[in-house]
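**Q** Numbering-wise, the sequence shown is residues 3 to 439 according to this note's numbering.
Right, I'll just put the structure down here and ask away after.
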Amino acid sequence: KYKIIIGARSAIWLPFRDLEYIIIDEEHDTSYKQYDPAPRFHARDAAIYLASLYGAKVLLGSATPSLESIRNAKLKKYAYTSLKQRFGNSLLPQVEIVSARNIQNSLSPILTIPLLESISTTLRSGNQVILFQNKRGYTPVLLCGSCGHIVHCKQCDVAVTYHKSTDKLHCHYCGTKTPALKQCPQCGSNQIIARSFGTEKIEEELQRVFPRNRTARMDWDSVRGKNAANKLIEDFMRGRIDILVGTQMVVKGLDFDNVGLVGILSADSLLSYPDFRVNERGFQLMEQVAGRAGRADSEGRVIIQAYNQKHQVLQWIKDHDFWSFYNAEADQRKQFHYPPFFRLIKITCKHRIEEKVRNAAIALASRLQQLKYIHTQGPSPALVAKIKNYYLQEIWIKFGHHSNKQQQELKENILAAINEVLKANSALQTVVDVDPI
3 KYKIIIGARS AIWLPFRDLE YIIIDEEHDT SYKQYDPAPR FHARDAAIYL
53 ASLYGAKVLL GSATPSLESI RNAKLKKYAY TSLKQRFGNS LLPQVEIVSA
103 RNIQNSLSPI LTIPLLESIS TTLRSGNQVI LFQNKRGYTP VLLCGSCGHI
153 VHCKQCDVAV TYHKSTDKLH CHYCGTKTPA LKQCPQCGSN QIIARSFGTE
203 KIEEELQRVF PRNRTARMDW DSVRGKNAAN KLIEDFMRGR IDILVGTQMV
253 VKGLDFDNVG LVGILSADSL LSYPDFRVNE RGFQLMEQVA GRAGRADSEG
303 RVIIQAYNQK HQVLQWIKDH DFWSFYNAEA DQRKQFHYPP FFRLIKITCK
353 HRIEEKVRNA AIALASRLQQ LKYIHTQGPS PALVAKIKNY YLQEIWIKFG
403 HHSNKQQQEL KENILAAINE VLKANSALQT VVDVDPI
């Protein structure tokens with residue numbers, strides 16, 4: 003009945019009869035991967051396989067393609083077409099990297115002097131401003147100034163975030179909300195200090211510094227209502243909002259003609275996450291954010307606040323140099339046996355008792371190390387070692403691009419090893435994620 007379907011990643015499971023074309027926009031985006039619940043699939047990869055069943059064509063689009071897709075293009079598995087110009091022949095924005103230390107507390111403890119000056123100039127010229135910070139809430143970290151204790155969630159091994167709108171501490175992993183702290187639970191001191199800042203704090207700061215201008219916030223907390231996101235986007239598009247501060251939501255394909263300035267407030271945090279894909283994600287995210295500026299007649303401007311101004315990724319973003327980034331990153335990945343040159347499987351063991359999950363993970367890793375075709379790393383505690391009162395241990399498996407027969411043998415052997423450990427450990431849970439993102 004319908005000839006064109008527009009959908010999210012789950013649209014790939016619709017009962018198509020005569021599928022001819024699949025378009026994956028922003029194919030690099032990590033949201034195409036489903037983590038929980040199962041099936042843990044990647045919609046882009048599933049789409050390519052689905053198209054092969056129907057003899058259909060697939061178009062992957064992105065200004066910052068994933069390394070996997072570029073690798074497939076270089077291997078001639080994909081055809082490759084490059085668009086040399088932006089839509090409407092608009093110019094790429096000028097990118098300036100400024101020191102995050104260049105602040106004057108009497109003006110603002112968050113916004114640097116060059117960024118403040120650029121915001122003022124942009125607003126005076128009648129253009130709009132987007133500020134990007136990838137942390138929501140008011141204060142992502144609370145610590146005691148007396149003993150140094152950092153306030154954590156009781157169910158998860160992660161720091162809680164203070165939200166001023168609710169005056170509560172929120173855990174962004176399990177969703178628990180607790181009353182705001184007045185005293186340190188460790189030593190009883192009332193010297194609770196805020197470290198770092200989220201979108202809520204930035205919005206408050208902008209309203210203080212630019213009281214005559216209209217400011218709005220776009221994050222998970224501010225657009226939960228049924229039509230809240232659409233109304234916010236429409237208000238910004240019609241010029242009812244002068245400054246929009248937000249998380250990754252402001253990156254997702256939004257096209258505003260009147261944005262003259264984009265500010266990225268904490269570049270260091272985007273480039274310091276302990277993950278082998280950190281440079282790729284940081285480059286993609288900041289380049290996509292930068293692309294929100296100067297999309298009409300005028301050339302936009304981007305200001306990136308960073309402590310480490312010499313980070314190589316920032317230089318590539320400044321020059322909009324995707325290929326230098328790709329070549330350097332691909333060399334690193336190849337040297338250390340990471341995707342797209344090798345494949346990964348992540349096995350997560352979960353149990354409410356820390357000792358039991360650790361012993362079970364050790365037993366599983368020992369069993370996996372005996373298998374051929376693979377290299378096993380771990381076990382080790384997950385980056386967030388406890389979520390919803392479950393302790394997590396991770397085992398990583400690296401393997402090359404083997405034949406279908408070898409992959410099937412490997413799959414059967416891994417499942418046999420997992421089942422063997424599960425039989426010996428009651429209440430143990432395992433999660434297998436193939437090609438984790």
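Glycine included, every Cβ here is placed at the ideal spot set by N, Cα and C.
(1) Could you please give the first and the last residue of the uninterrupted beta strand (DSSP E) stretch that includes PHE134?
(2) Thinking GLY262 and GLN130 are a contact (beta carbons under 8 Å), I'd like their distance in whole angstroms, please.
(3) Please tell me whether, using a cut-off of 8 Å, the distance from the CB of GLU396 to the nearest non-hydrogen atom of the ligand MN is below it.
(4) Can you check whether the CB of TYR37 is closer than 9 Å to the CB of LYS390?
(5) Please report the straight-line C-alpha distance between ALA45 and LYS76, rounded to a whole angstrom.
(6) Run the CB neighbour count on TRP318, radius 10 Å, all protein chains shown included, and call it buried at 16 or more, exposed below.
(7) Considering only their Cβ atoms, is the gap separating GLU22 from LYS59 smaller than 9 Å?
(8) Rounded to whole angstroms, what is the Cα-Cα separation between GLN371 and LYS170?
(9) Counting Cβ pairs closer than 8 Å, one from the stretch 362-371 and one from the stretch 329-341, do we hit at least three?
(10) Could you tell me the distance, in whole angstroms, from the CA atom of GLY284 to the CA atom of ARG103?
(11) Evaluate HIS313 with the Cβ neighbour count: other Cβ atoms within 10 Å of its Cβ, from every protein chain shown; 16 or more gives buried, anything less gives exposed.
(12) Identify, in the order they occur along the chain, each residue of the same chain with its Cβ nearer than 8 Å to the Cβ of LEU125, setting aside the five sequence neighbours on each side.
(13) For THR66, collect the residues of the same chain with a Cβ closer than 7 Å to its Cβ; drop the 5 residues on either side in sequence, then sort them by chain order.
(14) What are the start and end residues of each continuous beta strand (DSSP E) run of 3 or more residues lying completely inside the stretch 75-107, in chain order?
(15) Which runs of the beta strand (DSSP E) fall wholly inside the stretch 285-349 and span at least 3 residues, in chain order?
(16) Between the Cα of ILE99 and those of ALA426, ALA419 and ILE305, spot the shortest distance and give me the residue it belongs to.
(17) Note down the Cα distance separating THR178 from PHE199, rounded to an integer number of angstroms.
(18) Where does VAL386 sit, in a helix, a strand or coil, going by DSSP?
(19) Got a sec? Which residues, its chain only, sit under 7 Å from ASP221 by beta carbon, not counting five neighbours each side?
(20) Tell whether a beta-carbon distance below 9 Å holds between LEU69 and TYR275.
(21) Can you tell me the Cα-Cα spacing of GLY227 and ASN260, whole angstroms?
(22) Checking the sheet assignment: what are the DSSP bridge partners for GLN431?
(23) Who pairs with TRP398 in a beta bridge, going by DSSP?
(24) Does the separation of the CB atoms of LYS358 and ASN427 fall below 9 Å?
(25) Once DSSP output is grouped into helix, strand and coil, what is the label at PRO213?
(26) Using three-state DSSP, classify THR124 as helix, strand or coil.
(27) Is the distance from the Cβ of LEU273 to the Cβ of ASN310 below 9 Å?
(28) In this structure, how does DSSP classify ASP27 when only helix, strand and coil are distinguished?
(29) Going by DSSP, what residue range makes up the alpha helix (DSSP H) through LEU55?
(30) Find the nearest neighbour of TYR375 within the set SER405, ILE50 and TYR393, judged by alpha-carbon distance.
(31) By the DSSP assignment, the beta strand (DSSP E) with LYS179 in it spans what residues?
(32) From the DSSP output, which residues share a beta bridge with ARG219?
(33) Of all the options ILE235, VAL160 and HIS322, which has the alpha carbon lying nearest to the alpha carbon of ALA384?
(34) Please determine, among LEU208, LEU144 and ASN232, the residue with the shortest C-alpha to C-alpha distance to ILE194.
(35) What's the gap between the Cα of ILE204 and the Cα of ALA81?
**A** In short, the structure shows the following:
(1) 130-134
(2) 7 Å
(3) This structure does not include the ligand MN; it has no bound ligands of any sort.
(4) no
(5) 22 Å
(6) buried
(7) yes
(8) 46 Å
(9) no
(10) 21 Å
(11) buried
(12) VAL131, PHE212, ASN215, ASP244 and ILE245
(13) HIS30, PHE285, GLN286, GLU289, GLN290 and PHE324
(14) 96-101
(15) 303-308
(16) ILE305
(17) 20 Å
(18) strand
(19) ARG138, THR201, GLY248, THR249 and MET251
(20) no
(21) 26 Å
(22) LYS352
(23) LYS348 and GLN379
(24) yes
(25) coil
(26) helix
(27) yes
(28) strand
(29) 45-56
(30) SER405
(31) 179-181
(32) VAL247
(33) VAL160
(34) LEU144
(35) 43 Å
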